[in-house]
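Engineer:
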Amino acid sequence: MELMPDATLTSLQLPPCALLINGQWRQSAHSFPVVDPANGQVLAQVASASLDDAAEALSAATNAFTHWRRSTATERSQLLQRWHQLMLQQRERLAQLLCAEQGKPISEARAEIDYAASYLNWFAGEALRLEGDWQHPSVAGRQLLNIPEPVGVVLALTPWNFPAAMVTRKLGAALAAGCTVLLKPAESTPLTALALAELAMEAGIAPGVIQVLPCATPDPLAAFLIASPQVAKVSFTGSTGVGRLLMQQSATTLKRLSLELGGNAPVLVFADADLDAAVTGIMAAKFRNAGQTCICINRVLADAKIAPELEQRLAAAVMALQVGAGQVDTVQIGPLISAKAVQKVQQLVEGAILQGARLVCQQRLPAALQPGPAGGYFFPPTMLADVTMQMGICQQEIFGPVLTLQTFTDEAQALQLANQTDGGLAAYLYGGDEKRNYRLARQLTAGMVGINATAISDARIPFGGVGSAGFGREGSKYGVADYLQLKHLCWELAE
Ligand code: NAD
Numbered sequence: 001m002e003l004m005p006d007a008t009l010t011s012l013q014l015p016p017c018a019l020l021i022n023g024q025w026r027q028s029a030h031s032f033p034v035v036d037p038a039n040g041q042v043l044a045q046v047a048s049a050s051l052d053d054a055a056e057a058l059s060a061a062t063n064a065f066t067h068w069r070r071s072t073a074t075e076r077s078q079l080l081q082r083w084h085q086l087m088l089q090q091r092e093r094l095a096q097l098l099c100a101e102q103g104k105p106i107s108e109a110r111a112e113i114d115y116a117a118s119y120l121n122w123f124a125g126e127a128l129r130l131e132g133d134w135q136h137p138s139v140a141g142r143q144l145l146n147i148p149e150p151v152g153v154v155l156a157l158t159p160w161n162f163p164a165a166m167v168t169r170k171l172g173a174a175l176a177a178g179c180t181v182l183l184k185p186a187e188s189t190p191l192t193a194l195a196l197a198e199l200a201m202e203a204g205i206a207p208g209v210i211q212v213l214p215c216a217t218p219d220p221l222a223a224f225l226i227a228s229p230q231v232a233k234v235s236f237t238g239s240t241g242v243g244r245l246l247m248q249q250s251a252t253t254l255k256r257l258s259l260e261l262g263g264n265a266p267v268l269v270f271a272d273a274d275l276d277a278a279v280t281g282i283m284a285a286k287f288r289n290a291g292q293t294c295i296c297i298n299r300v301l302a303d304a305k306i307a308p309e310l311e312q313r314l315a316a317a318v319m320a321l322q323v324g325a326g327q328v329d330t331v332q333i334g335p336l337i338s339a340k341a342v343q344k345v346q347q348l349v350e351g352a353i354l355q356g357a358r359l360v361c362q363q364r365l366p367a368a369l370q371p372g373p374a375g376g377y378f379f380p381p382t383m384l385a386d387v388t389m390q391m392g393i394c395q396q397e398i399f400g401p402v403l404t405l406q407t408f409t410d411e412a413q414a415l416q417l418a419n420q421t422d423g424g425l426a427a428y429l430y431g432g433d434e435k436r437n438y439r440l441a442r443q444l445t446a447g448m449v450g451i452n453a454t455a456i457s458d459a460r461i462p463f464g465g466v467g468s469a470g471f472g473r474e475g476s477k478y479g480v481a482d483y484l485q486l487k488h489l490c491w492e493l494a495e
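For the record, in the sequence shown the residue sitting at position 381 is 381 according to the UniProt record's numbering, with numbers rising by one throughout.
(1) Less than 6 Å between C-beta atoms, sequence neighbours within five positions excluded: which residues of the same chain meet that for D36?
(2) Which residue's Cα is closest to the Cα of N437: T445, G450, A446 and A426?
(3) For H84, count neighbouring C-beta atoms within 10 Å of its own C-beta (all shown protein chains included) and say buried if the count is 16 or more, exposed if not.
(4) Could you give the first and the last residue of the continuous alpha helix (DSSP H) run that contains H84?
(5) Would you list the residues sitting across from G467 in a DSSP beta bridge?
(6) May I ask you to report which of helix, strand or coil DSSP gives Y115?
(7) When DSSP labels each residue in this structure, what does residue 506 get in the three-state scheme?
(8) In chain order, what residues of the same chain lie with their CB nearer than 7 Å to the CB of L225, ignoring the 5 residues before and after it?
(9) What is the residue span of the alpha helix (DSSP H) that N63 lies within?
(10) Which residue marks the beginning of the beta strand (DSSP E) containing F287, and which one marks its end?
(11) Determine the extent of the alpha helix (DSSP H) in which K340 is found, giving its start and end residues.
(12) To which residues of the same chain is I306 closer than 6 Å at the C-beta, ignoring the five residues directly before and after it?
(13) Beta-carbon separation of K255 and V234 under 8 Å?
(14) Heavy atom of the ligand NAD less than 7 Å from the Cβ of K340, yes or no?
(15) For L88, which residues in the same chain have their Cβ closer than 6 Å to its Cβ, ignoring the five residues on either side in sequence?
(16) Determine the burial state of E260: buried for a count of at least 16 other Cβ atoms within 10 Å of its Cβ, exposed for fewer.
(17) D422 to W491, Cα distance in whole Å?
(18) Quick one: is the Cβ of A455 within less than 7 Å of any heavy atom of the ligand NAD?
(19) What's the gap between the Cα of P5 and the Cα of Q332?
(20) Taking 7 Å as the cut-off, is the beta-carbon of G103 closer than that to any non-hydrogen atom of the ligand NAD?
(21) Is it the case that the Cβ atoms of G152 and F65 are separated by a distance below 8 Å?
(22) Helix, strand or coil for R169, going by three-state DSSP, please let me know.
(23) Is it buried or exposed for L199, if we count other Cβ within 10 angstroms and need 16 for buried?
(24) Quick check on the DSSP output: the alpha helix (DSSP H) that includes C394 runs from which residue to which?
(25) State buried or exposed for R288, treating a residue as buried only when at least 16 other CB atoms are found within 10 Å of its CB.
(26) With hydrogens ignored, establish whether the beta-carbon of L183 is closer than 7 Å to any heavy atom of the ligand NAD.
(27) So for A7, helix, strand or coil by DSSP?
(28) Counting only runs of 4+ residues fully inside the region 183-248, write out the alpha helix (DSSP H) ranges in chain order.
(29) Return helix, strand or coil for N437, following the three-state DSSP convention.
(30) Taking the C-alpha atoms as reference points, what is the distance between L194 and F463?
(31) Confirm the yes/no value for this check: CB of A469, any heavy atom of the ligand NAD, distance under 7 Å.
(32) Can you look up D482 in the DSSP assignment and give me helix, strand or coil?
(33) Where do the N-terminal and C-terminal ends of the beta strand (DSSP E) with residue 496 fall, by residue?
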C-alpha cells in the first residue's frame, strides 16, 4: 500500500500562525504546536491568546460593531461574496492545510472547502433578504415597524472535525446579520481558521469585524469572554458536555446561545430497501472523516429478514476501505484526531465485545500505521454485530471507523430502538414504502432525517438537533435569525 503523500501535492502554505485582533496579526507570549495526526509531526507553532489578548479583541469587536452594524446589507453581501471567491481560488491550498492538521482524506478536505465556501455564498444572499415588517396600527396616525437588528458581538467556538465549514457556517451568518465576531477555533486545527481569516482580510472585511483567538487551553479564555456583558451571543459547535457547561456560564449575563452538539444517529434499513443504495449510503455516512462527524451513523438497525445479507455486504465494504495518510489520493480513512481518540474507540469496541457483541471483521493495519513513536493515530475499520442499547458503543458517539449492527423485527421495534437516545441530530432510513418512510421520519427523535439518502448537509438546510444534540439552526434562511433581534418602533406621526 502506498503511504507517502502524493508527489503532486505541493508543500503547505501556512497562514500567519498568530492572533488576529483589529485587523493586525499579533504574536503572544505563549504558543502551542499543531501536529499532523497521520505522523505526529509538528506542522506549526501557533500563538496562544491570553486573557489580556481576549480583552483587547473584545474591545476591537465592540468598537467595530458600531460601524459594521450600520453598513448596508449590499456591502456585507459583496464582502461575503469576495471572501467566498477567494476561498475557491485557494481551494487546493486550504484543502491541504485542512488535510494536514485534521487528517481527513484530501478528497474530503477539498469537498469541505467547497461546502464551507458555499455557506459564504449562501449568507451573501441571505444578507440581501433580511426583512422586517409594518403593521396596521390600532390608533390612527401611528406607524408600527418591526426591524431586525444584529445582536452584537458574537463568540464563536468551533470544533476540530470540520475546521473550515464550522467557521464559515457561523461567521457567514453573523456577518450577514451585522454582528462582529471573536472566533476561537479548536486547538488541534487552528491553521485552516487562520487561513480563512487571512482571506477575509484580503476580501476587504474591515478590521475588528473578525478576531481570531487560537488558544491552547480554551476554558479560562471562553469563561472570561462569556462573563462579559459585551458579548451578546455564544455560538458553539462541539461536544454535549462542553455545551452544557457553556449554558451554565451564560446564565449570569443571559447570553443568546446556539448549541450544535453531538449526535447518536441511527439508520433504519427495511426489508424492502434498495440494498445497493443502502450500503453505499451507510458506508459514506459511517466512514466520512473516519467516523468523526456529528451526523455519522452510529447505529445500523436492520430488519432481521435482510440483516444477514446486509451484514455480509457491509463487511466486504469495510474490509475494502483504504487506510492511510489523508494526503494519498486513494485513501478513504485517515487517522483519528489524537491518541486519546484512538484509545476511546478501542475501549468502546472492547467493552462491547465483553458485553456480547460479535466482531464481524476488523482490518489489520500495516506496521507503518500501527501506533508508535512516529505518531499516527490510526484505527482499523471494524464492524460489530449483535450490539445492544445497553452497550456504551450505542449510547455515545463512537467518533471512529467502527460500524455497529443490530436487528429489529417490526416497525414499532425499529422506532423504539432508534429513539433510545436523549437527543438527536440526524437519523436516516432506507425503505421502499414511502408512506412508512414518511410516518417514521415524522416520529424519529432528530433534527434532520435522510430518507433513502445520507448526504444531507447543504448550506440551504436548517442544520441542528433536538434534546441533548442542542438547539438553534445553522445554514438556511433560519441561520441568520439566531444573530438578529427584533426591535419594534411605535411611531406617533403628527397628521
Ligand atoms: P469540544 O467540545 O471538545 O470542543 C469544541 C470547541 O470548544 C473547541 O474550540 C474547544 O477548544 C472548545 N472548548 C472545549 N472545552 C471548552 C470549555 N471548557 N470552554 C469553552 N470552550 C471549550 O468538541 P470537539 O471534540 O472539538 O468536537 C467534536 C464534537 O463536536 C462532537 O461531539 C461532534 O458531534 C460535535 N459536532 C457537532 C456538530 C453539529 O453541527 N451539531 C458539528 C461538528 C461537530
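Here a beta-carbon is modelled for each residue, glycine too, at the ideal position from N, C-alpha and C.
Please read all numbers here as calculations on a predicted model, not as lab measurements.
Structural biologist: With the structure as the only source:
(1) L43 and A100
(2) G450
(3) buried
(4) A73 to Q89
(5) G423
(6) helix
(7) For the chain, the structure presents residues 1 to 495; residue 506 sits outside this window and is missing.
(8) A54, L58, L155, L182 and V231
(9) L51 to W68
(10) From DSSP, F287 is part of no beta strand (DSSP E) but of the alpha helix (DSSP H) over L275 to F287.
(11) A339 to L354
(12) A271
(13) yes
(14) no
(15) A117
(16) buried
(17) 47 Å
(18) no
(19) With a pLDDT of only 42 at P5, under the threshold of 50, the placement of this residue in the model should not be trusted; the figure read from the coordinates follows. When rounded, the distance between both Cα atoms is 13 Å.
(20) no
(21) yes
(22) helix
(23) buried
(24) G392 to Q395
(25) buried
(26) no
(27) Confidence at A7 is low in this model, with a pLDDT of 39, below 50, so the placement of that residue should be treated as unreliable; the coordinate-derived value is given next. Three-state DSSP puts A7 in coil, outside helix and strand.
(28) 190-203 and 218-227
(29) helix
(30) 24 Å
(31) yes
(32) helix
(33) Lying before the first or after the last residue shown, residue 496 is absent from the chain, which here runs from 1 to 495.
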